[in-house]
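**Student:** In order, the protein sequence lines correspond to chains A and B. FYI, the numbering for the first sequence is 459 to 616, going by my numbering. FYI, the numbering for the second sequence is 2 to 754, going by my numbering. Where is the CB? At the ideal position from N, CA and C, for every residue including glycine. No experiment lies behind these values; they were computed from the predicted model shown. Let me begin by handing over the structure; questions about it come next.
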Amino acid sequence: MITLNVNNQDHQIDAPDEMPLLWAIRDLMQYTGTKFGCGKGLCGACTVHINGQPIRSCITPVALAKNSKIKTIEGVSDKGDHVIQIAWQENNVPQCGYCQSGQIMNALPLIERSAEKNTTPTDEEIDNHMAGNICRCGTYPRIKQAIKDATVALIKGA
Amino acid sequence: MDMVKLSRREFLTYSGIMGSGLILGCNTTEQAQSKIAQNAINSGLAKSDRLNLFVAIQADGTVEIVSHRVEMGQGSKTGIPQIVAEELEADWQKVKVIQGLGNKAYGNQNTDGSTSIRLFFEKLREMGASARMMLEQAAAQYWQVPIEAVYAKENYIINKNTQAKLAYGDLAELASKQVVPDIKSLKFKAPEQYRLIGKPVPIVDLKEMTMGKANYGVDKTLPNMLIASIERCPVLHGKVSSFNAEKALAVPGVVKVIEMPATRDVVSFFPLAGVAVLATNTWAAMQGRKLLEIQWDLGEKQHINSDQEFETYKNNLNQKPIFVAKKGDVKNGFLSAKTLVEARYKTPYLVHAPMEPPMATAWFHDGICEIWACVQDPQSTMNSAAAMMNLPADMFVVEPTLLGGAFGRKSKPDFSNEAVFLAHKTQQPVKVVWSREDDIQQGYYHAGALENIKAGIDDKGNITTWHQQTVYPTIASTFNNDKHTPQDFELSLGFGDLAYDFDHVLMEKAEAKAPVRIGWMRSVCNIQHAFALNCFLDEIAHKINKPTAEVMLKALGADRNVNHKEEFGFSFTNYSEKLERHPYSTKRYREVLQHLIKQTPIDQTLPNNQGWGIAVHRSFVSYIAVASKVSVVNNKLSVDEIHCVVDCGLAINPDRIKAQMEGAMIFGLSIALMGKIDIKAGQVVQSNFHDYPVTRMPQAPNITVHLLNPTENVPSGVGEPGVPPVAPSICNAIFAATGQRYRDLPLNQYLTV
Ligand code: FES
Ligand code: FES
């Protein structure tokens, strides 16, 4: 048995140490918002946070996530009203929506960091930060705009 | 007539959308009580007062509207109810969209070919208008006034004389008992009255998608469900000789190992030969699969290499061309031409790579088989499962989940048939999970193609003579082993349906045998045809020293509706549309091009190593022109800007059209820059996003979409037609920037991208 803390809740799961966190989260804890896209750390669909850092859960063994705080898309807000979610909604970002949990989880720390510094990230910063997250539907222009809007909202709100 | 809740059988008998779809059927029969019927209906409009196949209203005023097509990112789950709700005068805030199950009554549910709106626009309006009229009739009956004395407004029927109001919810039951209006008596709104059509209504799953709460094929879970990962034969039509499952079965969580049926001779949508590992979780299934020891009999196709195949295609085109269509006499045309231009273009094999790989869950219970899967066509999912299992199609109840992208891949339900096979074997719910490697290596590929074009130009710079040849394995090969040449339905995708007005035209094709399963991918053969055509016109323009747009506009000639059958003897299929409804209009072709020139500074003087390129194409009965600006510095290509002008007729949801065009530009960019599948020893070489790269954010340019004439003409296709002009516009831009002509895709063979 391993204990994992996901979205501020402890879960006891029966998983081998090397099981990727992705499958533990999805199959054993039923947080299905985190998606599978490649299984090799190439697409970002499976992005979650460990202690606030975005990581690719498909290549992170559960053993590495013990004694840490794991946050998934379900932990961002209860009602879908976090500034980042609102920015995504206002920009009508998703097409199929499948990559968007990973996009949001990957973008969140960039937004928070930028807001702390009171600046909106530049196109180049966003490109660099988001290069590991594929959206096959091609929502990149809107993701970019949503990241900027969310940062502005966070700065104003803070 | 006594309207009752209808059974699925009655749906089939009385209310095929091919009929009116408005009549609900009159009797409950014994079958209506059957489990099948109950299941089919329960997740549809069961618990409310149905007014027709698409509309039911609950007592609390909730308006349930069926979306009978599937949602894969194109937005039709919003666009379809938008149209129904418009004529229904429904309050959009009260609309609840119900995903339609697989059911013949809906007519064609195969969500591909950019058809959801264009094929159903009128029917959907009828559904809305008919339901509204039943509500009006009910209110008129209640108030004892003629129907002319009432009107509908945002979920209320209003009495014109007294201004009294009755809510839809209160009228629902009475409305459901009204005689279904005759189609001819239906009154439709004037376009000026539209409140929903033409508005950028946000997609219905928007919020859930930002919360991780939207459900895709991969997300289905059921009690006692097993998860299957399947090792399939790496070569098409190879077989399992023998296998040892001992080590796989030793993995904790692995429950069963089952051999899949042999690949059928005609592969169609049937499963591929292989061995399935079933486990209580995905990871265990994947680990077990790695430990399988399988001896394959790889079969005949193990000697196929795609590079060699292209050599064969080339020789077949040169030595054994097959006549397709003609006009005038190209031989004489070339003799009297002043200038000749000739080129060959090559586009590689491609795979869809939707973000969510294929996923399907099946469960046999209580005499039925339920299927939850990210399939584009719930009906072919039912029918092919029935054919595979030798069971009646009625037994299969298919609920499409949301699709995490599809692009044509998921209109081939081979993966759901795998789940059906395994669920039947185990008599347990089984979810089949495809890895990315499975998706890249076991696809239905977009066929690699070669195209030759030769043109003769007279001394005034007119293109008089045109000889075009094309070759690629046909999609028909997947369904018929005797088909080895491009079929008319494929040549109708931008080859035989030439817009340009030349005196002498000859069109030819050649044989190409399929090395792998061939399938349709977003915009299908338009990819290769539009690439060759638009690059070649740019080559001609350069040769005669004229701007490309000018050459294109001149070649279009006078505005006309082209009838390719009459002009060339080509059997143009026009995307299943009648020419009367969707003529082939060179006027609209010209207008998108001229609008593009007006909107983009393609004539601006640019620094060295920068350039603009353009392309224009009609596909899926829409007209699209694209301009791309590139820069090439130290052999590094960057696409800086793309403008797209789209004329897709009446725009139902302009924001989704823009989103589809943005997506199509980025999809087209993947094709232009990086997309390539190689086949070596009968096996696909690429396996994941490291060697089958797709566009990433730093490569994505600024994109501007212009909707041209969005309130004129009937709606036409949106999901696909943006793709074909992208790659040629980029290659033409590179030529403008560097003087270097690239005729083989993808560009990462030559440039850093
Ligand atoms: S699924 Fe983890 S990076 Fe793609
Ligand atoms: S929205 Fe479909 S993959 Fe990003």
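Relative to the C-alpha of B:H238, which residue among B:K200, B:A229, B:F189 and B:H304 is closest?
**Tutor:** Out of B:K200, B:A229, B:F189 and B:H304, B:H304 has the C-alpha closest to the C-alpha of B:H238.
**Student:** Tell me which residues share the same chain as B:V252 and place their Cβ nearer than 6 Å to its Cβ, disregarding the 5 neighbours each side in the sequence.
**Tutor:** Cβ neighbours of B:V252 beyond the five flanking positions: A285, Q288 and G289.
**Student:** Hey, out of B:N749, B:D113 and B:L197, whose CA is closest to B:D656's CA?
**Tutor:** Residue B:L197 is the option with its Cα nearest to B:D656.
**Student:** Enumerate in chain order the residues of its own chain whose CB-to-CB distance from B:P322 is below 8 Å, with the five nearest sequence positions on each side excluded.
**Tutor:** So the qualifying residues of the chain are Q470, E509, K510 and A511.
**Student:** Assuming B:Q429 and B:L227 form a contact by the criterion Cβ under 8 Å, report the distance between their Cβ atoms to the nearest whole angstrom.
**Tutor:** That belief holds up - the Cβ atoms of B:Q429 and B:L227 are roughly 6 Å apart, short of 8 Å.
**Student:** Taking 8 Å as the cut-off, is the beta-carbon of B:M396 closer than that to any non-hydrogen atom of ligand 2?
**Tutor:** Not under cutoff, so the answer is no.
**Student:** Going along chain A, which residues have a C-beta under 9 Å from B:F668?
**Tutor:** The answer, in chain order, is R594, C595 and G596.
**Student:** Looking at chain B, is there any beta carbon in it that lies within less than 9 Å of the beta carbon of A:E532?
**Tutor:** Yes, contact with chain B.
**Student:** Using a Cβ-Cβ distance cut-off of 9 Å, determine whether B:Y217 contacts chain A.
**Tutor:** So yes, B:Y217 belongs to the interface.
**Student:** Smallest Cα separation from B:P272: which of B:E491, B:K78, B:A386 and B:D692?
**Tutor:** Checking every option, the nearest Cα to that of B:P272 belongs to B:A386.
**Student:** Please decide whether B:V754 counts as near chain A, where near means a Cβ-Cβ distance under 9 Å.
**Tutor:** Not one chain A Cβ lies under 9 Å of B:V754.
**Student:** Nearest chain B C-beta to A:G510 closer than 9 Å, yes or no?
**Tutor:** So, not an interface residue.
**Student:** Reducing DSSP to helix, strand and coil, say where B:Y107 ends up.
**Tutor:** Three-state DSSP puts B:Y107 in a helix.
**Student:** Looking at chain B, is there any beta carbon in it that lies within less than 9 Å of the beta carbon of A:T492?
**Tutor:** For A:T492, the answer is yes, since a Cβ of chain B falls inside 9 Å of its Cβ.
**Student:** Run down chain A in chain order and give the residues with a C-beta less than 9 Å from the C-beta of B:D415.
**Tutor:** Here the premise fails: no neighbours, minimum Cβ distance about 19 Å.
**Student:** Relative to ligand 1, is the shortest distance from any of its heavy atoms to the C-beta of A:I605 smaller than 8 Å?
**Tutor:** No.
**Student:** Since B:P401 is in the beta strand (DSSP E), which residue starts that stretch and which ends it?
**Tutor:** Where B:P401 is concerned, the enclosing beta strand (DSSP E) stretches over F397 to P401.
**Student:** Using DSSP with H/G/I as helix, E/B as strand and the rest coil, what is B:V278?
**Tutor:** Residue state, collapsed to three classes: strand.
**Student:** Looking only at its own chain, which residues have a Cβ that is under 6 Å from the Cβ of B:L89, when we skip the five neighbours before and after it?
**Tutor:** Excluding positions up to five away in sequence, the list reads G129, A132 and R133.
**Student:** Report yes or no: is there a C-beta of chain B within less than 9 Å of the C-beta of A:M477?
**Tutor:** True, the Cβ-Cβ gap to chain B drops below 9 Å.
**Student:** Please tell me whether B:I603 has its Cβ less than 9 Å away from any Cβ of chain A.
**Tutor:** Chain A contact via Cβ: absent.
**Student:** Taking 6 Å as the limit, name every residue whose beta carbon sits nearer than that to some heavy atom of ligand 2, in sequence order.
**Tutor:** The filter returns A:P552, A:Q553, A:C554, A:G555, A:Y556, A:C557, A:Q558, A:C593, A:R594, A:C595, A:T597, B:G74, B:M356 and B:G406, in chain order.
**Student:** Suppose contacts are defined by Cβ-Cβ distances below 9 Å. Is B:Y445 in contact with B:G409 by that definition?
**Tutor:** Result yes, Cβ atoms of B:Y445 and B:G409 sit closer than 9 Å.
**Student:** Does the distance between the C-beta of A:L500 and the nearest non-hydrogen atom of ligand 1 fall short of 8 Å?
**Tutor:** Flag set: Cβ of A:L500 near ligand 1.
**Student:** Is B:T574 close to chain A? Criterion is C-beta to C-beta, closer than 9 Å.
**Tutor:** Cβ-Cβ to chain A under 9 Å: no for B:T574.
**Student:** Apart from the five residues on each side of it in sequence, which residues of its chain come closer than 8 Å, Cβ to Cβ, to B:E568?
**Tutor:** Counting only Cβ-Cβ distances below 8 Å, and skipping sequence neighbours, we find K328.
**Student:** Is any heavy atom of ligand 1 found at a distance shorter than 8 Å from the C-beta of A:L522?
**Tutor:** No, since every heavy atom of ligand 1 falls outside the 8 Å radius drawn around the Cβ of A:L522.
**Student:** Run through the region 514-589 of chain A for me and flag every whole alpha helix (DSSP H) of 4 or more residues, listed as ranges in chain order.
**Tutor:** Listed in chain order, they are 541-548, 558-574 and 581-588.
**Student:** Taking 8 Å as the cut-off, is the CB of B:L674 close to at least one heavy atom of ligand 1?
**Tutor:** No.
**Student:** Extract the residue ranges of the beta strand (DSSP E) inside the region 339-373 of chain B, only unbroken runs of 3 or more that lie entirely within it.
**Tutor:** List check, beta strand (DSSP E) in window: 340-348 and 360-366.
**Student:** For a cutoff of 9 Å on Cβ pairs, would you count B:M4 as touching chain A?
**Tutor:** Any reading at B:M4 is ruled out, since the residue's pLDDT is 31, under 50, leaving its predicted position unreliable.
**Student:** Measure the C-alpha to C-alpha separation of B:A550 and A:P599 and round it to an integer number of angstroms.
**Tutor:** Between B:A550 and A:P599, the C-alpha separation is close to 28 Å.
**Student:** A:G497 and A:N564 look like a contact to me (Cβ under 8 Å); what is the Cβ gap, rounded to whole Å?
**Tutor:** Not confirmed; about 17 Å, so no contact.
**Student:** Quick test of your reading: A:G510 and A:P567, contact by CB under 8 Å. State the CB separation rounded to the nearest angstrom.
**Tutor:** Contact holds; Cβ gap of about 7 Å.
**Student:** Going by DSSP, name the residue or residues bridged to B:L708.
**Tutor:** According to DSSP, B:L708 bridges with B:V647.
**Student:** Following the continuous alpha helix (DSSP H) through B:E578, name the residue where it begins and the one where it ends.
**Tutor:** No alpha helix (DSSP H) holds B:E578; DSSP gives it neither H nor E.
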